[in-house]
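Down below is the structure, laid out as structure tokens.
Protein chains in written order, with the working numbering: chain A, 14 to 353; chain B, 14 to 353.
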């Protein structure tokens, strides 16, 4: 325990496996070759988009179990959530594994929420092995939050494109002083986000609703750990996109911190803005999750980065509150990753 | 760590404060005099039912802070969720406290999910003080899950009545070998639920969808802790109601365990079935939460029960999956409570 919002681990949990499954559009983007599996059919062979999204989570768990060479019974808890009301992508996708389940909702920050809680359970001795996973699907999200796809609405340039994909990690207690984990990535600590509401009401500009929460989280992390932005080889935020990134960099400058040299955003990595018509970038729980599991962790394993701060960001929007004229509060969670 | 699904704590976190706020119908029920505050106006002075539900959570946190004599800054994490899509009752109700936030969804089992994770964080050393809280509201739930209130549909006898209320507990690390906590209640251990799907599709018979998950949880708890049902002075399940209780008792008999002498259900305690026209009983996240915080913990503090198993149950139903013809899976979480 340390600082106001952060914990630093004395025995950092290790990411022993990572897996990602994504859709066709994601395959055509810059990370296309890095995913463990591509599901080209938007329905994933199911009857509904929601079932398709469930299938993505199911496949990720299968990859994780295979990579870690364990069975579902060996996993103590699974921490999962998604954007859909009552988390139906998660509950229908994961039921078959019969792993004790904690349902989470942090909007597009859910990967961070799951890794935060999961690593706390492992470090605190309540679990030796957990899975943190999340997903999103372009069509199930548009149906729930915006317009029917058939309506064919025009998307403003501030709009992001919900990633069809699921990413997950297996977190384990390190055995024997980390000796066997060379080249693996561990979670050194966590900064947990607060709900931040600047009154943004535009459901087609999620970057603006999340950037303030992200800035406060970043500042809390640097303060709690007593470091500058350059302590990290890279800071990857969740799906702020091009619009949100500009706001974040400005907000951080107001706090006296220049992150412009070390900052990347998952929403700007997952798609090619010039050729894929995704406007402000990628979004959805799956955006940060697949970018982490396919790209960031791989870059770290390959030695490109030693120390990374991963900050998925969430817009706590609901169709009900949106239609009632409420604002869209944001939240972000920070995960301190380090190569062993 | 122990058993397959359970943890037993060596330093059990203490419930240092409990609070409940409920509506008019709950006030008229058997527990009416035990709540900390009654909000008779279904709108709680707000513009929408969702905002009213947020207000209930806000009031509970205020009561908890006052009772524990701490400020919001002294609370490490708040773990909360509700039935509404994207947890808007929680996020709009709790934002003002600026406490690091973990959003949870376990349907009506959420109080158990929050107490499970919260106690793990405290026992594991990641927090010294957390709040676990949840809520439900009759009108916001009916609007989301069933029929518009104005439609005035007939309710079958298997239907339950969503409780308007919020309950929460403050969990703290015990200081100095429990000496100062005589008469307080601690969390001795936790059994975490799996998603159980028996294919029930009737949204007006939630008891039937939750009873199988509850039976599996109970059996896992007794097995993991190596005890019989009579180890507990009382087993309080979440909101199974009259229909669900009969199924639960039968399912447990099939497993060779007779719980009929020690079992009570929060859904059968909160309302008077004869006079309040609530059919199968109370339900909603608020049902188990306010019954725990107003009644069960009080009974324990007064010495009526030394050892209690609290098992809130959730039906993982969504309007989307329901309309797509899917089943309603269930989940339950078990919290082992003991008087110090």
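Glycine included, every Cβ here is placed at the ideal spot set by N, Cα and C.
None of the values given here were measured: they were computed from a predicted structure.
Who are the near neighbours of residue i in its chain, counting only those whose CB is closer than 7 Å to its CB and skipping five residues on each side?
i                     : result
residue 212 (chain A) : 340
residue 226 (chain B) : 206, 209, 326, 343, 344, 345
residue 47 (chain B)  : 307, 308, 311
residue 65 (chain B)  : 55, 56, 57, 59, 150
residue 134 (chain B) : 90, 140, 143
residue 87 (chain A)  : 142
residue 338 (chain B) : none
residue 214 (chain B) : 340, 341
residue 152 (chain A) : 55, 62, 162
Taking the alpha-carbon positions, what's the residue i to residue j distance?
i                     : j                     : result
residue 118 (chain A) : residue 316 (chain A) : 32 Å
residue 249 (chain A) : residue 241 (chain A) : 15 Å
residue 264 (chain A) : residue 228 (chain A) : 6 Å
residue 84 (chain A)  : residue 122 (chain A) : 28 Å
residue 201 (chain B) : residue 260 (chain B) : 28 Å
residue 28 (chain B)  : residue 186 (chain A) : 29 Å
residue 14 (chain B)  : residue 348 (chain A) : Bear in mind that the predicted position of residue 14 (chain B) carries a pLDDT of just 49, short of 50, making it unreliable; the figure below should be weighed with that in mind. One C-alpha to the other measures close to 25 Å.
residue 178 (chain B) : residue 37 (chain B)  : 10 Å
residue 18 (chain B)  : residue 112 (chain A) : 9 Å
residue 34 (chain B)  : residue 71 (chain B)  : 10 Å
residue 76 (chain B)  : residue 331 (chain A) : 28 Å
residue 69 (chain A)  : residue 32 (chain A)  : 11 Å
residue 320 (chain A) : residue 25 (chain A)  : 13 Å
residue 145 (chain A) : residue 124 (chain A) : 7 Å
residue 129 (chain B) : residue 230 (chain B) : 14 Å
residue 131 (chain A) : residue 184 (chain A) : 7 Å
residue 329 (chain B) : residue 108 (chain A) : 11 Å
residue 222 (chain B) : residue 45 (chain A)  : 41 Å
residue 300 (chain A) : residue 254 (chain A) : 11 Å
residue 289 (chain B) : residue 353 (chain B) : 36 Å
residue 198 (chain B) : residue 314 (chain B) : 7 Å
residue 258 (chain B) : residue 127 (chain B) : 24 Å
residue 167 (chain B) : residue 251 (chain B) : 24 Å
Start and end of the alpha helix (DSSP H) containing residue i?
i                     : result
residue 79 (chain B)  : 62-81
residue 232 (chain A) : 219-238
residue 53 (chain B)  : Here residue 53 (chain B) belongs to no alpha helix (DSSP H), and DSSP marks it neither H nor E.
residue 156 (chain B) : 151-158
residue 247 (chain B) : Taken as a continuous stretch (DSSP letters only), residue 247 (chain B) belongs to no alpha helix (DSSP H), being part of the beta strand (DSSP E) at 247-250.
residue 103 (chain A) : 101-107
residue 335 (chain B) : 332-336
residue 259 (chain B) : 254-267
residue 182 (chain B) : No alpha helix (DSSP H) holds residue 182 (chain B); the beta strand (DSSP E) holding it covers 178-185.
residue 120 (chain A) : No alpha helix (DSSP H) holds residue 120 (chain A); DSSP gives it neither H nor E.
residue 301 (chain B) : 298-303
residue 291 (chain B) : Premise fails: residue 291 (chain B) is in no alpha helix (DSSP H) and is neither H nor E.
Can you list, in chain order, the residues of its chain with a C-beta nearer than 6 Å to that of residue i? Leave out the 5 residues immediately preceding and following it.
i                     : result
residue 284 (chain B) : 42, 291, 295
residue 234 (chain B) : 204, 347
residue 303 (chain B) : 33, 35, 178, 180
residue 114 (chain B) : 91
Apart from the five residues on each side of it in sequence, which residues of its chain come closer than 8 Å, Cβ to Cβ, to residue i?
i                     : result
residue 116 (chain B) : 93, 94, 100, 103, 104
residue 137 (chain B) : none
With a cut-off of 8 Å, does the C-beta of residue i fall near any C-beta of chain C?
i                     : result
residue 333 (chain A) : Given the protein chain composition of this structure (A and B), no chain C is represented.
So residue i is in the beta strand (DSSP E); what residue range does that whole segment cover?
i                     : result
residue 277 (chain B) : 276-278
residue 320 (chain B) : 320-324
residue 345 (chain A) : 343-345
residue 204 (chain A) : 198-204
residue 310 (chain A) : No beta strand (DSSP E) contains residue 310 (chain A), which is instead part of the alpha helix (DSSP H) from 310-314.
residue 116 (chain A) : 114-116
residue 32 (chain B)  : 27-35
residue 329 (chain A) : It is not in any beta strand (DSSP E) - residue 329 (chain A) carries neither H nor E in the DSSP assignment.
Tell me whether residue i, by its Cβ, gets closer than 7 Å to a heavy atom of the ligand NAP.
i                     : result
residue 245 (chain A) : Among the ligands in the structure shown, none appear at all, so the ligand NAP cannot be discussed.
Kindly confirm or deny that the segment 216-231 of chain B and the segment 166-176 of chain B touch, where touching means at least three C-beta pairs closer than 8 Å. yes
For the segment 246-271 of chain B, which residues have a CB atom closer than 9 Å to at least one CB atom of chain A, in sequence order? none
Do the segment 264-276 of chain B and the segment 178-192 of chain B meet, that is, are 3 or more Cβ pairs less than 8 Å apart? no
The segment 182-211 of chain B: which residues have C-beta closer than 7 Å to a C-beta of chain A, in chain order? 205, 206, 207, 208, 210
Check each residue of the segment 93-110 of chain B: if its Cβ is closer than 8 Å to any Cβ of chain A, include it; give the result in chain order. 94, 96, 97, 98, 99, 100, 101, 104, 105, 107, 108
Quick one: which residues of the segment 277-300 of chain B get their C-beta closer than 7 Å to a C-beta of chain A? List them in chain order. none
Using a Cβ-Cβ cut-off of less than 9 Å, give me the residues of the segment 74-90 of chain B that come near chain A, in sequence order. 86, 89, 90
If contact means a Cβ-Cβ distance below 8 Å, which residues of the segment 124-149 of chain B contact chain A? 126, 129, 130, 133, 134, 136, 137, 138, 139, 140, 141
Could you run through the segment 39-73 of chain B and flag, in chain order, every residue whose CB is less than 9 Å away from some CB of chain A? 60, 61, 63, 64
Relative to chain B, which residues along the segment 157-182 of chain A have a C-beta separation below 7 Å, given in chain order? none
Which of the residues in the segment 339-350 of chain B, read from start to end, lie with their CB under 8 Å from any CB of chain A? 339, 342, 344
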